[in-house]
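Working notes, structure below.
Put into structure tokens, the structure is as follows:
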């Protein structure tokens, strides 16, 4: 069944926006954990981009709360099924949500810019370019929001046509301005998805880290896909608004929230690399400890297959990393006992050496995890 055949688009929007907020909040919480755990510094390990992303997440929460209230007042239901009072309430909430949702598409771009500044450390000219693009996009959103409430005089005349003396400007002005704002925002999504890739790939980081950072920052391609979908349903929503004004607009607002959510996730995933590396090392350590007894038994029992002579004993000692021939001189006498003593001694030495190497490796990894150069 098509989404437009639903009797309540408000419930569809709620079932989408609240889970999106939950996923975004979890990713952001992991981001803060990585900051405090792996990049300790003065100020708690938090950076400007963390506070901007937190502000965007707070706005998404406010939108979800307002959407829940609006759905209870009739937003998303068919206009003919609402009472006269519910029709007025639905029209008011349509105006409020329409003014709020464009901000969720543009504010996360500031978090992307500050994240790129910390990773790439670009110069003044690049900073002016990036901030100029983001600020101009935000200015267009401010203009769209202001015109949305100023297009009718008085403002309540938008949803209450019974007000005497009320007038409204041509609706085409708002439609054309909306199309420009969303087109500009979509173009910036593509730009910020492609721009950092060549610069990140030239950083002095491990190749896997560079690929991971580039892929996470390019997740804004998902926002671009959502924007293309929004453009594809503009005509459908415009046609429905004429005859059923309370029904379709909440679905468009939901797509704005989804775009902003994916932009926030894309900026946060790039900072979770230390957590992924720590989890991978923990899994490897657990797997190595579970295999240690079997490896030690293999080395201990291998003496039965070593070729030994009365004048010289040659034993193959197998360790975790390689196998080498170790010549062991033996005196005439109890050859079997000598071989057993030598084998046991070498087995203990190999085990101790492996434990020492494991300890050194763990200590080295711990140092890398705490090095801010490897933490994004």
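Residue numbers (the UniProt record's numbering): 1 to 376. By construction, the Cβ of each residue, glycine as well, lies at the ideal position given by its N, Cα and C atoms. Everything numeric in this text was worked out from a predicted model, so none of it was measured.
One thing to note: residue 151 has its Cβ within 8 Å of the Cβ of residue 174. Residue 228 counts as exposed, since fewer than 16 other beta carbons sit within 10 angstroms of its beta carbon. Short of 8 Å from the beta carbon of residue 47, and not among the five residues preceding or following it, lie these beta carbons of its own chain, in chain order: 35, 114 and 118. Under DSSP, residue 8 forms a beta bridge with 77. With fewer than 16 other Cβ atoms from the protein chains shown falling within 10 Å of its own Cβ, residue 128 counts as exposed.
The continuous alpha helix (DSSP H) containing residue 50 extends over residues 48-72. Under the 10 Å beta carbon count, residue 102 is surrounded by 16 or more other beta carbons and is classified as buried. For the options 264, 69, 25 and 87, the alpha carbon positioned closest to that of residue 246 is the one of 87. Cβ-Cβ separation between residue 11 and residue 76: approximately 7 Å, consistent with a contact (criterion under 8 Å). A Cβ-Cβ distance of about 18 Å is found for the pair residue 104 and residue 149, leaving them out of contact under the 8 Å criterion.
The continuous stretches of alpha helix (DSSP H) do not include residue 159, and DSSP gives it neither H nor E.
In the structure shown, residue 271 adopts coil according to DSSP, grouped into three states. Residue burial is scored here from C-beta neighbours: residue 5 has fewer than 16 other C-beta atoms within 10 angstroms and is therefore classed as exposed.
Nearest C-alpha to residue 223 among 233, 260 and 242: 260. Taking the CA atoms as reference points, residue 288 sits about 24 Å from residue 38.
Beyond the five residues adjoining it in sequence on each side, residue 263 comes within less than 6 Å, by CB distance, of 108, 220 and 223 in the same chain, given in chain order.
By alpha-carbon distance to residue 106, the top candidate from 159, 145 and 153 is 145. DSSP assignment within the segment 106-186 yields the following whole alpha helix (DSSP H) runs of 4 residues or more, N-terminal first: 108-120 and 124-150.
Counted as a single uninterrupted DSSP element, the alpha helix (DSSP H) harbouring residue 242 occupies residues 220-243.
Around the beta carbon of residue 192, 16 or more other beta carbons sit within 10 angstroms, so the residue counts as buried. Here the segment 157-166 makes contact with the segment 92-100; the two share three or more CB pairs at distances below 8 Å.
Taking all protein chains in view, the Cβ of residue 254 is crowded by 16 or more other Cβ atoms within 10 Å, so the residue is classified as buried. If you look at residue 207, you'll find it in the alpha helix (DSSP H) that goes 207-217. In the assembly as shown, residue 266 is a buried residue. Its beta-carbon has 16 or more other beta-carbons within 10 Å. Under the DSSP assignment, residue 197 falls in the alpha helix (DSSP H) whose first and last residues are 196-200.
Counting the other CB atoms within 10 Å of its CB gives residue 89 a total of 16 or more, which places it among the buried residues. A distance below 7 Å between beta-carbons, with the five flanking residues on each side excluded, links residue 184 to the following residues of its chain, in chain order: 137 and 140. Between the segment 200-213 and the segment 230-241 there are fewer than three inter-stretch CB-CB distances shorter than 8 Å, so the stretches are not counted as touching.
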